[in-house]
Amino acid sequence: MIHFKAIGKILGALLMLLALLMLPGVGFSFYFESNDEVALLASAFISLSVGATLYFSFSKQDQNIRKREGYLIVSLSWLFMSIFGMLPYILSGSISSIPDAIFETVSGLTTTGATILNDIEATPKGILFWRSMTQWIGGLGIIVLTVAILPLLGIGGIELFVAESPGPTSDKLHPRIRETAKRLWFVYMGLTVLVGILYYVGGMTVFDAINHALTTIATGGFSTKNASMAFYDSAFIQYVAIIFMFLAGTNFTIIYFGLIGKFDRVFRSDEFKTYTLTIIFLAICFAFPIYHYSDQEFEKSFRDGLFQIVSLITTTGYITADYTAYHDGLTLIFFMMLFLGGSAGSTSGGIKFVRHLTFVKNTWLEFKRIVHPRAVVPLKINGDRVTGKIITHIMNFLLIYLMIFVIGSIILTLMGYDILTSFGAVATSLGNVGPGIGSVGPVDNFAFFGPGAKIFLSFLMLLGRLELFTILIVFTPFFWRAN
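Okay, structure coming up:
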């Protein structure tokens with residue numbers, strides 16, 4: 001039997017926390033006199049009222065959170081956050097259509113970075129800050145934040161942490177799950193503050209530096225400028241963004257071990273080495289073709305190539321150049337990057353390098369097993385043997401991911417969109433990247449999609465952010481059967 005009252009209590013707590021996170025934007029509204037403070041305050045009040053009603057109605061419920069409740073809470077929490085998170089857009093009039101507001105909110109919370117706004121710079125400053133805040137909230141997940149700072153989840157919090165934390169990783173920084181969540185958030189906040197300071201030193205205004213800091217570490221890609229990072233024609237700012245996008249796409253456990261001096265744990269990670277070497281290899285390979293096809297200096301060609309590679313692989317989605325304008329071959333390779341994803345345990349979306357690494361290694365070893373059928377040939381990652389159960393799980397994930405991409409592309413095509421745009425929109429939404437190819441390229445947006453397509457793409461964003469199984473399992477009949 002599923003404990004719905006306990007679920008209601010936790011959802012109430014999450015909505016109250018969401019309401020509090022809406023309030024910082026009010027300060028920017030007053031400072032810039034953007035006249036959107038009423039919309040933010042009203043949205044916070046509605047979210048707080050509903051949250052408090054849920055929480056105190058079920059305040060006496062125990063926290064017997066099992067796996068089924070954990071998956072249901074995570075799925076419902078993202079649905080609730082999307083619904084209540086769109087209120088500032090609707091109440092301020094910045095976005096008048098509900099499908100548009102849902103799309104923008106889901107894109108923010110899932111750190112996808114796709115937008116329907118045609119003139120970002122005309123958006124009121126308070127709403128613009130909330131837009132960036134949604135990505136920062138979604139970066140490591142509001143569930144992880146709640147596990148870190150609220151005692152109400154008790155030992156059941158581990159089920160929520162496991163259900164939401166992205167990537168197939170079991171690394172823990174501390175035996176107690178709440179301490180692990182706290183340390184992850186300290187790293188997250190520390191990187192946010194540091195990159196914000198560097199952006200300001202590089203020439204951004206305080207407001208722009210804060211917003212870009214929030215969306216860089218979240219690998220979200222929302223910008224306060226219509227031209228994204230291309231607006232800042234500064235090598236310093238763009239290299240800072242490259243470095244911190246790379247860090248945000250790294251397993252935060254690896255970053256933590258690096259900060260405390262345990263470098264052996266860093267260099268023992270096969271995923272981190274593959275992730276780093278892939279970016280270096282692609283950056284070197286792309287520098288010369290981009291220099292050949294563009295009329296600019298070699299350093300700028302190298303920087304543009306590296307920036308786009310890191311931005312797409314980490315699923316951040318910032319742009320400094322139109323990568324579809326170079327050559328069709330380069331466009332195809334950039335499109336394939338939408339399927340990479342950063343590291344497990346990072347804020348990146350996508351498939352994740354550890355899954356690709358497991359697939360490639362297992363495929364290679366399969367040839368050896370065919371030649372030597374009696375030999376025991378174990379698959380190892382980071383020196384540890386990978387069990388057959390994990391390999392099966394990863395193979396199933398890859399197959400389901402590919403099936404969803406194909407079916408999703410067919411659905412969009414049947415809605416009347418061209419095949420290239422359908423491929424690009426589905427790939428970038430499912431991978432939580434932002435820009436794609438076709439009519440959703442790096443210099444385009446998603447405003448032209450109809451209401452049905454926007455809702456469908458929003459669902460794909462949530463599906464990708466929660467690693468497919470967290471949501472899909474809720475739709476299975478045996479999930480609802482009594483124990």
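The letter at position 12 of the sequence shown is residue 12 when you use the numbering used here, and the numbering goes up by one with no holes.
Where is the CB? At the ideal position from N, CA and C, for every residue including glycine.
For clarity, every value in this text was computed on a predicted model and none was experimentally measured.
- Taking the Cα of D322 as reference, the smallest distance to any Cα among G436, Y31 and S422 is reached at G436.
- S29 and L40 do touch by the CB rule: their CB atoms are close to 6 Å apart, below 8 Å.
- Closest in alpha carbon position to T324, among D304, L340 and T316, is D304.
- When beta bridges are read from the DSSP output, K380 appears opposite R385.
- The beta carbon of Y188 sits closer than 6 Å to those of L140, all from its chain and outside the five residues before and after it, given in chain order.
- Using a 10 angstroms sphere on the CB of H3, the tally of other CB atoms reaches 16 or more, which defines it as buried.
- With 16 or more other Cβ atoms from the protein chains shown falling within 10 Å of its own Cβ, I309 counts as buried.
- Judged by beta-carbon spacing, L117 lies beyond the 7 Å limit of T134, meaning their Cβ atoms are not closer than that value.
- Contact between the region 224-231 and the region 254-271 is absent, with fewer than three C-beta pairs closer than 8 Å.
- Residue environment: D36 is assigned as buried (16 or more neighbouring CB atoms within 10 Å of its CB, all protein chains considered).
- Classified as buried, I102 has 16 or more neighbouring CB atoms from the shown chains inside 10 Å of its CB.
- Under the 8 Å Cβ criterion, the region 407-426 does not count as touching the region 287-296, having fewer than three qualifying pairs.
- From the listed residues G452, I400 and L14, the smallest Cα separation to I411 is found for G452.
- Across the set A209, Y31, T314 and F272, the C-alpha of T314 shows the shortest separation from the C-alpha of T112.
- CA-to-CA, the gap between D264 and N382 works out to about 11 Å.
- DSSP places A427 inside the alpha helix (DSSP H), whose first and last residues are I419 to L430.
- In this structure the region 284-292 does not lie against the region 261-276, because fewer than three pairs of beta carbons, one per stretch, are closer than 8 Å.
- Contact between the region 355-366 and the region 439-455 is absent, with fewer than three C-beta pairs closer than 8 Å.
- Taking one beta carbon from each stretch, the region 238-249 and the region 193-208 have 3 or more pairs nearer than 8 Å; the two touch.
- Of M204, S346 and S49, the smallest CA-CA separation from I237 is found for M204.
- Here G408 is buried. Its C-beta has 16 or more other C-beta atoms within 10 Å.
- Secondary structure note for N211: its alpha helix (DSSP H) is the uninterrupted segment V206 to I217.
- If you ignore the 5 residues before and after T278, its C-beta comes within less than 8 Å of the C-beta of I313, L340 and F353, all in its own chain and listed in chain order.
- For the options A19, F281 and L332, the alpha carbon positioned closest to that of G85 is the one of A19.
- Annotated as proximal: L420 and G438, with beta-carbon spacing under 7 Å.
- At least 7 Å separates the beta-carbon of T180 from that of T347.
- Straight across, the Cα-Cα distance linking R66 with F479 is about 12 Å.
- Distance from the CA of F367 to the CA of L402, rounded to the nearest whole angstrom, comes to 23 Å.
- Here G350 carries a coil assignment [DSSP, helix/strand/coil].
- In this structure, the beta-carbon distance from S43 to L15 does not fall below 7 Å.
- Looking at the backbone, the Cα of S94 and that of L128 are separated by about 10 Å.
- For P378, same chain residues with a beta-carbon under 7 Å away, outside a window of 5 residues either side, are R385 in chain order.
- A direct Cα-Cα distance of roughly 19 Å separates P373 from K380.
- DSSP places Q308 inside the alpha helix (DSSP H), whose first and last residues are F298 to I313.
- If you look at M81, you'll find it in the alpha helix (DSSP H) that goes K67 to G85.
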